[in-house]
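Peer 1: Take this structure first; my questions come after.
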Amino acid sequence: MKFNLMALEFFVYGSMATYSLLSQFFASEGLAESQIGLLMAVLPISSLYAHHVNFDIASNIGRVNWLKKVVLFAGILIWGLFLFESFVAKLLFIISFAFFFSAIAPLAESAIVDIAHHSSLNYGRIRLFGTFGFSFVALLMSGLIRIGFVNIFLTFSFLMFLTLLIAKGVEEIQLNEEEKVRSKRPLPVILWLLLPVVIFGIAANAFNMVFLPVLVETKGYDISLASIAFSVMAITETPFLLWADIIVKKLGVVFMLSSGIFVVGLRNLLVTVTNSPAMLLLAQVFHGWTYIVIYYSMMFLIQSFGAARIKAQKYFWIAMGIGPFLGSSLGGLLAEKLGLINTYSIFGLTPMVVSLLILLVFRKSLKT
């Protein structure tokens, strides 16, 4: 079972690495930055409705069972983005694709966290294989993308096929009747207070994820640099994940969120002063204390909610969708009006200031 969970993480996050390169594909087709931002924003904004629907369906037929179905549809629908050239056609297909693909990571993670908890497995060590999967596939794509952008779609569909095979061997864990009753109780107030913090941090981080490939294209760097950067970014998460539980317990969720947002800003600001591919890659090393710190800290907190954890996970993943939507759509509009580098500066300085305000507001809850 542990192997299946690690493999599931590997393939799910590997598929996310291929998806991250779609902005580079769209740029190569001559789409404007605002159009790219809108297309890339569809996936996260779909979380506003898709996560409600997907989690409701999963609660009836099982998370793993529904996961297998959304994986199949996502692997097929992504081809519409490649086969049709017009912006409107791509928009229609990505809306359909996003409904299913946006559910894959939340459903997989929700099931894996529960299975790890029930089996006394270290979730951080299992999640590490998601990082390995993202890094490996991103590095692989640095070579394949030179051959042609069609390899984004071929690789994605292949990974969906492998995910489907592995998911068939993952057990289903459902809430019992007593847990179902308790799960309907109001969620802790701390969740609602921290979700806006999560949205802001993920938005600032998502801007870099969406527009780094565009920046590479704009500067005329080698086409493979974006994939290599994503690989480097993913592997930098390793040290944190090895000791994630110990670190979060010692420093507290609020401090972890604040520090993660601060480093998001610092990384984005450093991008503005890079003047070579090597410097751009070096700036991405800071990624190891950004997204994964924000994400893991909240998952750590939510797991303490008992039977309400699945309900809390639904709202957490909705927040995780709103953030990238804002980072992608707002980032695209600002980049078109102010320029990409100036927008990187905005998404750099603002998070650094906000992170300090978070510490001040929650200073009495630093061990939360």
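In this note's numbering, the protein residues as written are 94 to 461. Ideal Cβ placement from N, Cα and C applies to all residues, glycine included.
1. For Met133, I'd like the list of residues in its chain whose CB is within less than 6 Å of its CB, leaving aside the five on either flank, ordered along the chain.
2. Three or more C-beta pairs closer than 8 Å, one from the stretch 393-406 and one from the stretch 352-367: is that the case here?
3. Can you give me the start and stop residues for the alpha helix (DSSP H) that Asn435 sits inside?
4. Reducing DSSP to helix, strand and coil, say where Asn361 ends up.
5. How is the alpha helix (DSSP H) around Phe192 delimited, first residue to last?
6. Taking 8 Å as the threshold, find out whether the stretch 154-163 comes into contact with the stretch 326-336 through three or more Cβ pairs.
7. For Val164 and Ser369, I'd like the C-alpha separation in whole angstroms.
8. For Ile316, which three-state DSSP category applies?
9. Mark Tyr142 as exposed unless 16 or more other C-beta atoms lie within 10 angstroms of its C-beta, in which case mark it buried.
10. In this structure, does DSSP put Asn368 in helix, strand or coil?
11. Quick check: what's the CA-CA separation for Leu98 versus Val230?
12. Tell me, to the nearest whole angstrom, how far the beta carbon of Val346 is from that of Phe393; I am working on the premise that it is less than 8 Å.
13. Which two residues bound the contiguous alpha helix (DSSP H) that contains Gly173?
14. So what's Val307 in DSSP terms, helix, strand or just coil?
15. Would you kindly check if the distance between the Cβ of Ala100 and the Cβ of Ile259 is under 7 Å?
16. With Ile232 and Phe104 assumed to form a contact (beta carbons below 8 Å), what rounded beta-carbon distance in angstroms separates them?
17. When the Cα atoms are used, what is the spatial distance from Gly262 to Met413?
18. By the 10 Å Cβ neighbour count, where 16 or more other Cβ atoms means buried, how is Glu102 classified, buried or exposed?
19. Three or more C-beta pairs under 8 Å: does that hold for the stretch 333-346 against the stretch 382-397?
20. Starting from the Cα of Val291, find the closest Cα among Leu433, Ser108, Ile411, Ala204 and give me that residue.
Peer 2: Looking at the coordinates:
1. The answer, listed in chain order, is Ser116, Val303, Ser421.
2. Verdict: no, contact absent.
3. In the DSSP assignment, Asn435 falls within the alpha helix (DSSP H) that extends over 433-454.
4. DSSP, read as helix, strand or coil, puts Asn361 in helix.
5. First-last of the alpha helix (DSSP H) with Phe192: 180-211.
6. Too few Cβ pairs lie closer than 8 Å, so no.
7. Rounded to whole angstroms, Val164 to Ser369 spans 38 Å at the Cα level.
8. If DSSP states are grouped into helix, strand and coil, Ile316 belongs with coil.
9. So Tyr142 counts as exposed.
10. Secondary structure of Asn368 (DSSP, three-state): coil.
11. Those two C-alpha atoms are separated by around 18 Å.
12. Rounded, the Cβ-Cβ distance is 7 Å, consistent with contact.
13. From DSSP, the alpha helix (DSSP H) with Gly173 extends over 172-176.
14. Val307 falls in the helix class under three-state DSSP.
15. Yes.
16. A quick correction: the sequence has Leu, not Ile, at residue 232. Not quite, the Cβ-Cβ distance comes to about 15 Å (not below 8 Å), so this is no contact.
17. Distance between the alpha carbons of Gly262 and Met413: 28 Å.
18. Buried, by the Cβ-count rule.
19. With the cut-off at 8 Å, the stretch 333-346 and the stretch 382-397 touch.
20. Nearest to Val291 by alpha-carbon distance, out of Leu433, Ser108, Ile411, Ala204, is Ile411.
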